[in-house]
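Protein chains in written order, with UniProt numbering: chain G, 1 to 333; chain C, 1 to 333; chain L, 1 to 333; chain Z, 1 to 333.
There are 4 protein chains.
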Amino acid sequence: MLNIALIGCGRIGRMHAEIVRAYPRSRLACVHDVHAAAAEAVRGDSDTALAESPEAIFADPAIDAVIVASVTATHADYIEAAVAAGKPVLCEKPIDLDFARVKACEAAIAGTDVPVQIGFNRRFDPGHRALRDALAAGEIGKLVQLIVTSRDPSPPGRDYLLGAGGMIRDMTIHDFDLARFMLGEDEPVEVWATGAPLIDPDLRKIDEVDCAMIVMRTAPGRQVMLNNARQAPYGYDQRVEAMGSAGMLQSANRTEHGLLRFGATATAAQTPYLNFFIERYREAFALQLEAFVDLVTGQGAEVPVFDDGLRALALAEAAYRALASGRSEPVTV
Amino acid sequence: MLNIALIGCGRIGRMHAEIVRAYPRSRLACVHDVHAAAAEAVRGDSDTALAESPEAIFADPAIDAVIVASVTATHADYIEAAVAAGKPVLCEKPIDLDFARVKACEAAIAGTDVPVQIGFNRRFDPGHRALRDALAAGEIGKLVQLIVTSRDPSPPGRDYLLGAGGMIRDMTIHDFDLARFMLGEDEPVEVWATGAPLIDPDLRKIDEVDCAMIVMRTAPGRQVMLNNARQAPYGYDQRVEAMGSAGMLQSANRTEHGLLRFGATATAAQTPYLNFFIERYREAFALQLEAFVDLVTGQGAEVPVFDDGLRALALAEAAYRALASGRSEPVTV
Amino acid sequence: MLNIALIGCGRIGRMHAEIVRAYPRSRLACVHDVHAAAAEAVRGDSDTALAESPEAIFADPAIDAVIVASVTATHADYIEAAVAAGKPVLCEKPIDLDFARVKACEAAIAGTDVPVQIGFNRRFDPGHRALRDALAAGEIGKLVQLIVTSRDPSPPGRDYLLGAGGMIRDMTIHDFDLARFMLGEDEPVEVWATGAPLIDPDLRKIDEVDCAMIVMRTAPGRQVMLNNARQAPYGYDQRVEAMGSAGMLQSANRTEHGLLRFGATATAAQTPYLNFFIERYREAFALQLEAFVDLVTGQGAEVPVFDDGLRALALAEAAYRALASGRSEPVTV
Amino acid sequence: MLNIALIGCGRIGRMHAEIVRAYPRSRLACVHDVHAAAAEAVRGDSDTALAESPEAIFADPAIDAVIVASVTATHADYIEAAVAAGKPVLCEKPIDLDFARVKACEAAIAGTDVPVQIGFNRRFDPGHRALRDALAAGEIGKLVQLIVTSRDPSPPGRDYLLGAGGMIRDMTIHDFDLARFMLGEDEPVEVWATGAPLIDPDLRKIDEVDCAMIVMRTAPGRQVMLNNARQAPYGYDQRVEAMGSAGMLQSANRTEHGLLRFGATATAAQTPYLNFFIERYREAFALQLEAFVDLVTGQGAEVPVFDDGLRALALAEAAYRALASGRSEPVTV
């Protein structure tokens, strides 16, 4: 039974708390949030303790591992603190919005063997994972084209947007990682991007986009397209398509249940797609925790690590340079 | 180039005329209808001749083959006349509504080698045919259950119903034949049926049903279910499902085109199914003619013959006996 | 927090144990099995107690409710004991294989207000439930035909079969209940059935069938078809189709994830269906428990009750009479 | 009855011949090919005449209209000759591989009211057309993203490639036009492209690619992605996806028939997609001719005209500039 501490009790922190509690091999030992009320709400009438500070958590010998779900600006600090304290950490993405800070964090933890897992939950989605496994098994021969579609059901509020570092750092970051997961050893070396506030033109005032198409090339020329929108009226749209020399694979959208409707204007109509990431990736989040527990308990697990967080951000940086220059930009790590 | 005469220029006759004209190996040499205007409309400004009578057609040495699309009551007479005249005939189903008349016709043409093909067009539908071929190739092992769904888009008028001989002789007849086509050598030996006027309760006044479920058993116990309705608001519903010891096959519905709609209440919604048999089975009707031409020109073709028409009607008779008795009734040919 | 006792720690009992533990409003207080090792395995190192006997459970004031997952022959006894002890009970189906015993149990508990819920878990499947809700909301007008397909992935062992009371009492019982759930107030009044050992002909020696088609009629003539097989090589096949005067609804099969494969011989190929009921109906079992907890805590819940268990069995009895007589048999409750 | 002459009797010419003959409002009056045997094969034993030269066709007062399906290098000449002779022309794409030649042709026919239709057949595909109509009707609100997938089943031979002007001029040209068709008045103003010989690396020797991703932007920022491959092992892949502010539309692939297979490794598997354009776009080619006949007979028809051919080529030119420069290139017409 792994004693896990949770830092950050917002929407995604609450979800982590539920998952840790439901998983037989983990226990939610304590929680912390800068807003004490949020931490207390997560504790409820359970036996979870309230930690006075992150420092208290890192210092507590009873804590086996830490999940960081606090605001992005704190991620790098907590990763460094966790590693210094020898506590394995599962940290939400992104590591930081500032690439230099991420590089500094990388330097600070260099050489550690304390496990650092980044919260790229989509790698654990059974459909995406099955696609990756089929790819790796050579089921479609050589991969030539990869298309990742990722559209949120509805745009976040203006407050969120102002602190999120831009759609491509905030939202596309998942797709950069998912693409890298599918590509295996073959890293994107060049990025091109276009983006605009097409759904909410007012976003122009804060220099933000809500629709983007991003194309990447790997060294041998494989083509990757990421396709984002902040609003999909039919639900959270999450698809991966891998085209190969011997076949094609798609990881398709999922509905809540299997009801199909047949009427005068539509046949075999499915229900709207699962909203939102907590529903769509529920299984993925649970499998992510399972992998973290495996990692921490030394059973080995294939998980996204610090370097994956850094490389996804490097792709976002290149995409922003491409948005500004209008040309393909090399990826610098 | 086969010179074909057409008797009967109603809705289905007009469709046959178009198909004969569009097919490079056949020519619509002449047409006849008891309503001269209907025949003239089919002729139009083409070089098709008008025949004064069916007799004139059967006597005309320039006619290579005859398609009979006149009213049901004339079918058996024209089959007998065609055979007597040595003219191959493609006759619309059913042969007759009166089983005794069909048996008499059978006796009258016994021993002939003049080709007599019955218009069970669905055997030529590419999906149904592919299902049959996969079955015959052993793709799903032993067949154990067969389900044929056949629902018309909207009910015919009262006039039609009064002359059609009852839904099970008029509409289900196609499904009896399709089931036999799928079963191969293994004939249904027992039929049970339930039916009621569920969509239009007024049909009770003319002792007619508009929804039916019919279950048949073959000698080794294979189970066949036919499932009919005179009204399907989402379009013409035509499906076959074959369950086997090693897999399942379905011949699914078809839409006019591939548009899918995704919105707030429905995703991946297809358009309504093709209405009606002329649209849904367009390809089947064309392939039916191709087979008829092959048959007439001695190239061999697997087509439904007189005996198939008789056996489909025998199943309808057993179904009506079962409706009356409430029990499984043996099939008598 | 509801303290629940579990009687019976076989495959389905273990699943109930997991669900009770994972649900925040319930606690697995104690377990019992005639095989002590099975109960101990469920206890593991948890704080669940081992009960020496069912009687000890019924007598324990700390137990709020009981789940019965022991062998069928004990169900009616435990229901009676639970009711006598004032303990709400969720009992697996069927109540008993002997209809007379079920009637005796009905008499024994007559007049009680102790909640008795029968484990017809499929009523809680989100797809089936959404279909029922759409039906009840009049989305497809008047229901005219209902088709329930239920095929197990692979046949049970001979030992199981010898004690299961026949496929129609053991397996179809779920479909009888599901049909009744969809029909609402309109009860089937007549049943006809055909069945045979088509997959494993050896079953004839134990007078058992492995494929069946059962057709039921309600008083106003609605038509219901149940379609069963003990083996479906493509996975657990669980579908409901409801045909109405204004549209059609289908509750379709579910796959483990959304991977689609496209290759030289197949396109858009899904993965095999979820095997078996524990996987396919995982959500349904959890929602069933949620409803039970609601029921016990007086919050109201729409659940299958004793009378539903009795009526499903009455339909099975009529089906067996129909198998023997070859005719439609009236339903006697 | 429109008397149509056909110039060019290769694969696509033969298809046009069949369509002209099958269409009741047109007659294949005469044919010409530089290879007399090809023209004779099309004539067969029909009443179609053989024309000695294109000039003879343009001079023949009995010819109402001309279809040009000869090699690309002749297209502009024949368009000019047809216009000069006052003969309406349906010319296969592209107008020419050399943009300057296309501009010269434009100048040569400036001011004419002789109908010139370019063979962008995909505009007439019922699925693509229904998508366009739904878009135009505002069904998905404002269009924000458009994705056109176009993958040929297998690569053409080296000879074909050497004369085809590059994949983006030869194959993507259709997708440029299809995108413009969907966009309506809103023209792409900027193009970016990546391409590589990923399937057949040997193509590098002839400076050719076989996989490409092309992204375009319209003035208000709408995003368009074209996605091409010369080989799709699962069949001819032809899809359009339109994402809007209020919904999404997809024009999906089509199979030959509706057979679905269910087995131990795959469920609901469709058959491979229709191969190749003659099969997939059969209906589109027929509807294209119908529109041409409407246009010629003054009944009005919405067809792709010379300017559409020119603008599609201008997009290809910009794409090639982008391939070379690595940056977005403006579109110059």
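In this text, a Cβ means the ideal position worked out from N, Cα and C, and glycines have one as well.
Arg311(L) places its beta carbon 9 Å or farther from that of Phe124(L). A Cβ of chain L is located within less than 9 Å of the beta carbon of Ile140(G). Setting aside the 5 residues that flank it on each side, Ala73(Z) has no residue in the same chain whose C-beta is closer than 6 Å to its C-beta.
Contacts between Leu131(L) and chain G, judged by CB atoms closer than 7 Å, involve Leu259 in chain order. Contacts between Phe262(C) and chain Z, judged by CB atoms closer than 8 Å, involve Gly247, Met248, Leu249 and Gln250 in chain order.
Rounded to the nearest angstrom, the Cβ distance from Ala324(G) to Ile168(G) is 12 Å, too far for a contact under 8 Å. At a cut-off of 9 Å between beta-carbon atoms, Asn253(C) makes contact with chain G. Under the three-state reduction of DSSP, Gly13(C) is assigned to helix.
For Leu135(L), the secondary structure class from DSSP, reduced to helix, strand or coil, is helix. Its chain contains Cys211 as the residues whose beta carbon lies nearer than 6 Å to that of Leu198(Z), once the 5 sequence neighbours on both sides are disregarded; these appear in chain order.
Under the Cβ criterion (8 Å, minimum of three pairs), the segment 53-73 of chain L does not count as touching the segment 131-151 of chain L. Unbroken alpha helix (DSSP H) stretches of 4 residues or longer found wholly inside the segment 92-165 of chain L: 99-108, 126-136 and 158-163, given in chain order. Relative to the Cα of Arg222(L), the nearest Cα in the group Pro188(L), Gly300(L), Arg230(L) and Asn228(L) belongs to Pro188(L).
Listed in chain order, the positions of the segment 7-24 of chain G with a beta carbon within less than 7 Å of a beta carbon of chain L are Ala22. Contact annotation for Pro126(Z) against chain C: Glu256 and His257 [CB-CB distance below 7 Å, chain order]. Residue range Ser26 to His32 is occupied by the beta strand (DSSP E) that includes His32(L).
Where Pro54(L) is concerned, the enclosing alpha helix (DSSP H) starts and stops at Pro54 to Ala59. Residue-level contact by beta carbon fails for Thr297(L) and chain G, as no gap is shorter than 9 Å. Shown here, Met225(L) sits in a strand according to DSSP, grouped into three states.
Taking 9 Å as the CB threshold, Gly221(G) lines the interface with chain Z.
The contact set of Tyr273(L) on chain C, defined by CB atoms closer than 8 Å, is empty, because the minimum CB distance reaches about 10 Å. By alpha-carbon distance to Arg151(Z), the top candidate from Tyr78(Z), Pro126(Z) and Tyr234(Z) is Tyr234(Z). Measuring C-alpha to C-alpha distances from Pro94(C) to each of Arg129(C), Ile173(C) and Glu190(C) identifies Ile173(C) as the nearest.
Under the 9 Å criterion on CB atoms, Gly326(G) is classed as interfacial with respect to chain Z. By the CB criterion at 9 Å, Glu329(L) and Trp192(L) fall inside the cutoff. Sequence-distant Cβ neighbours of Arg158(G) in its own chain, meaning closer than 7 Å and more than five residues away, do not exist here. For Gln288(C), the enclosing alpha helix (DSSP H) has its first and last residue at Arg282 to Val296. In this structure, the alpha-carbon of Gln238(G) lies about 10 Å from that of Gly127(G). Ile7(C) sits away from Gly309(C), with the two beta carbons spaced by 9 Å or more. The C-beta distance from Arg25(L) to Met1(L) rounds to 6 Å, short enough to fall under 8 Å.
Taking the Cα positions, Glu139(L) is about 27 Å away from Ala268(Z).
Judged by DSSP secondary structure, Gly44(C) falls outside any beta strand (DSSP E); it is assigned neither H nor E.
Scanning Ala219(C), Val215(C) and Pro272(C) for the CA closest to the CA of Val224(L) turns up Val215(C). Taking C-alpha positions only, Lys142(C) is separated from Pro153(L) by approximately 16 Å. Interface residue (Cβ-Cβ distance to chain Z less than 9 Å): Ala318(C) is not classified as such. Check the Cα spacing between Gly244(Z) and each of Val240(G), Gln231(G) and Arg254(G): the tightest is with Gln231(G).
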